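In our numbering, the protein residues as written are 431 to 927.
Even for Gly, the Cβ is constructed at its ideal location relative to N, Cα and C.
Note that the coordinates shown come from a computational prediction; the quantities given were computed from them, not determined experimentally.
Here's the structure we're looking at; comments come further down.
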């Protein structure tokens, strides 16, 4: 690029400015867009909307440019610069995204209680009901019940009405007003019956049913889940079993094991059956029926493992469920079984996730040797580093500062062996952040300086800019000033480019 929006002097004295300066020079359209997508939100955190807007406008990818302009417009609305927000919305090229920008601005105004402005903006929307719902929720929260009722009357779309009543119910639950929550949930359930699409109705009924449970109205929860079950049984597509599973779990949590069992019997997909059995196991454990819990969990695993590839509708969901089952065995203090199942997961990412969760659970239960065994089973050094960092967090929750710092020390030592430079930098960032939280300020900045040095060796321009942006956030939040060595590291990056 011929000219930079970021000055060279700013880039030499501020990590985020350096990231943006380097990002401006990226020739690849996709790489430039990727870097700006990471950097612009960081400028918005600093309330620098003017520079953020200019950087967004420099993106060649029209879709990404529009998405970034929406973020800036939303921030302007948050800062009450409504005129600029609407100008930015107008500059969004895609009609659908332009409408989305206006809606987000209107929603921000509703949240701030500026109902007149929210309504004015919503007049230009094809579908203003979402904004009306947000206005009604805010009016109700502010004590304007009659005003909220009037606003609700203007909502034509049942989904928006359900959303409004549900949010009002949640607000009541947050202050333990179960009766008030139940009143709004009754209205939400009534509106859900007018939803045009059966699948949306089922999803909505399940959400309302779960809220009825929180409102201590298991009787109404069961009735609501029964509506969901009835509609789900009439479906003839791949979503049928997932909805039936949601209803079965809802019945279980509402206290009707009989209805849960009956619904489970009508499910054919093994992943969904295993999901239900996992919930049955957790429910039995809560009721101190541990033998039943173990049996249900073993059955869940056996059914999932028996599912042939040709029967599997969603491979990612299946692997995630293996991870949940392995972690639950750890939660039930069946450590060896947990590790055994985790190591059998065919998907490497989920295997790592399972072993990391097991290590954390074992640490929480103060079974440090088993936790170490789980971490040793993680094949990838980078993944093991982040597992150690998570274990450090658990030690900290347990009140064992020395063990927490010891885990961070091990993580830092292992980080030196991580070949991927971006992953190595990210690990040092997390370690440095936690060292600061433990009062180790000098070591924290030293660790972050190491991260900065590593970023300087990253060859991919986009990855380097993104990594610098991430690091800048830590320097700002931890209130670290740049040392002469760090300024020199930044200058070297600028010279190389």
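Identity of the residue in 915, 600, 871 nearest residue 886 by Cα
For the purposes of this step, residue 886 is taken as residue 456 along the chain shown, with counting starting at 1. Taking only the C-alpha atoms, the option nearest residue 886 is 915.
Please state the DSSP three-state secondary structure of residue 446.
On the chain shown, position 16 is the one that residue 446 refers to. Reduced to three states, the DSSP call for residue 446 is helix.
Does residue 476 come out as helix, strand or coil in the three-state DSSP assignment?
Taking the chain shown and counting its residues from 1, one reaches residue 476 at position 46. Three-state result, residue 476: coil.
What number of angstroms, rounded off, separates the C-alpha of residue 646 from the C-alpha of residue 781?
Along the chain shown, read from residue 1 onward, the residue named residue 646 stands at position 216. Along the chain shown, read from residue 1 onward, the residue named residue 781 stands at position 351. Each residue's Cα considered, the two are about 38 Å apart.
Taking all protein chains shown into account, do 16 or more other C-beta atoms lie within 10 angstroms of the C-beta of residue 667, making it buried, or fewer, making it exposed?
Within the chain shown, the letter at position 237 stands for residue 667. Answer is exposed; the Cβ neighbour count stays below 16.
Please name the residue in 612, 727, 695 whose C-alpha comes closest to that of residue 599.
By 1-based counting over the chain shown, the position of residue 599 is 169. Ranking the options by Cα distance to residue 599, first place goes to 612.
Cutting at 8 Å between CB atoms, please list the residues of its own chain near residue 844, excluding the five before and the five after it.
The sequence position of residue 844 within the chain shown is 414, counting from 1. Correct list, in chain order: 811, 814, 815, 818.
Please list, in chain order, all residues of the same chain as residue 694 whose beta carbon is under 6 Å from its beta carbon, the five residues on each side excluded.
Position 264 of the chain shown, counted from the start, is the residue given in the question as residue 694. Closer than 6 Å at the Cβ level, and outside the excluded window around residue 694, lie 678, 706.
In this structure, how does DSSP classify residue 647 when only helix, strand and coil are distinguished?
By 1-based counting over the chain shown, the position of residue 647 is 217. Residue 647 falls in the coil class under three-state DSSP.
Is the region 787-802 in contact with the region 758-769, if contact means three or more CB pairs nearer than 8 Å?
yes
Tell me which residue opens and which closes the alpha helix (DSSP H) that residue 665 is part of.
For the purposes of this step, residue 665 is taken as residue 235 along the chain shown, with counting starting at 1. That residue, residue 665, is in no alpha helix (DSSP H); it is neither H nor E in DSSP.
Between 594, 644, 445, which lies nearest to residue 606 when the distance is taken from Cα to Cα?
Residue mapping note: residue 606 aligns to position 176 of the chain shown, counting from 1. Cα-wise, what sits closest to residue 606 is 644.
Exposure of residue 517, with buried meaning 16 or more beta-carbon neighbours within 10 Å:
For the purposes of this step, residue 517 is taken as residue 87 along the chain shown, with counting starting at 1. With fewer than 16 other Cβ atoms inside 10 Å of its own Cβ, residue 517 counts as exposed.
Cα-Cα, which of 586, 902, 808, 460 is closest to residue 493?
Position 63 of the chain shown, counting from 1, holds the residue named residue 493. Out of 586, 902, 808, 460, 460 has the C-alpha closest to the C-alpha of residue 493.
Where residue 918 sits in the DSSP three-state scheme
The residue given as residue 918 occupies position 488 in the chain shown. Of the three classes helix, strand and coil, the one that applies to residue 918 here is helix, per DSSP.
Do residue 474 and residue 467 have their C-beta atoms within less than 8 Å of each other?
Along the chain shown, one-based indexing puts residue 474 at 44. Along the chain shown, one-based indexing puts residue 467 at 37. Result no, Cβ atoms of residue 474 and residue 467 do not sit closer than 8 Å.
To the nearest whole angstrom, what separates the beta carbons of residue 769 and residue 753, a pair I think is in contact under 8 Å?
Position 339 of the chain shown holds residue 769. Position 323 of the chain shown holds residue 753. Contact between residue 769 and residue 753 is absent: CB atoms are separated by about 13 Å, not below the 8 Å threshold.
Residue 631 versus residue 446: straight-line alpha-carbon distance, rounded
The residue given as residue 631 occupies position 201 in the chain shown. The residue given as residue 446 occupies position 16 in the chain shown. For residue 631 and residue 446, the distance between alpha carbons rounds to 46 Å.
Beta-carbon separation of residue 899 and residue 469 under 8 Å?
Taking the chain shown and counting its residues from 1, the one referred to as residue 899 is at position 469. Taking the chain shown and counting its residues from 1, the one referred to as residue 469 is at position 39. Yes, the Cβ-Cβ distance between residue 899 and residue 469 is below 8 Å.
So, at 8 Å on beta carbons, what are the nonlocal neighbours of residue 708 in its own chain, with the 5 sequence-adjacent residues on each side left out?
Working through the chain shown from its first residue, we reach residue 708 at position 278. The residues are 726, 727, 730, 751, 754, 755, 758.
Just the C-alpha distance for residue 713 and residue 596, rounded to the nearest angstrom, thanks.
Start at 1 with the first residue of the chain shown, and residue 713 comes out as number 283. Start at 1 with the first residue of the chain shown, and residue 596 comes out as number 166. Each residue's Cα considered, the two are about 26 Å apart.
Go through its chain and collect everything with a Cβ distance to residue 589's Cβ below 7 Å, but skip five positions before and after it.
The sequence position of residue 589 within the chain shown is 159, counting from 1. These residues qualify, in order along the chain: 625, 630.
Which first and last residues belong to the alpha helix (DSSP H) in which residue 539 is found?
Residue numbering aside, residue 539 sits at position 109 when the chain shown is read from its first letter. Its alpha helix (DSSP H) spans residues 525-542.
Taking its Cβ as the centre, do 16 or more other Cβ atoms sit within 10 Å of residue 849, making it buried, or is it exposed?
As a first step, residue 849 is located in the chain shown; it is residue number 419 there, counting from the start. Classification for residue 849: exposed.
Cα-Cα separation, residue 820 to residue 734:
The residue you call residue 820 lines up with position 390 of the chain shown. The residue you call residue 734 lines up with position 304 of the chain shown. Computed Cα separation, rounded: 28 Å.
What does the Cβ neighbour count give for residue 558, buried or exposed, with the cut at 16 atoms within 10 Å?
The residue given as residue 558 occupies position 128 in the chain shown. Residue 558 comes out buried.
At 4 residues or longer, and completely inside the region 460-518: list those alpha helix (DSSP H) runs for me, N to C.
479-487, 492-508
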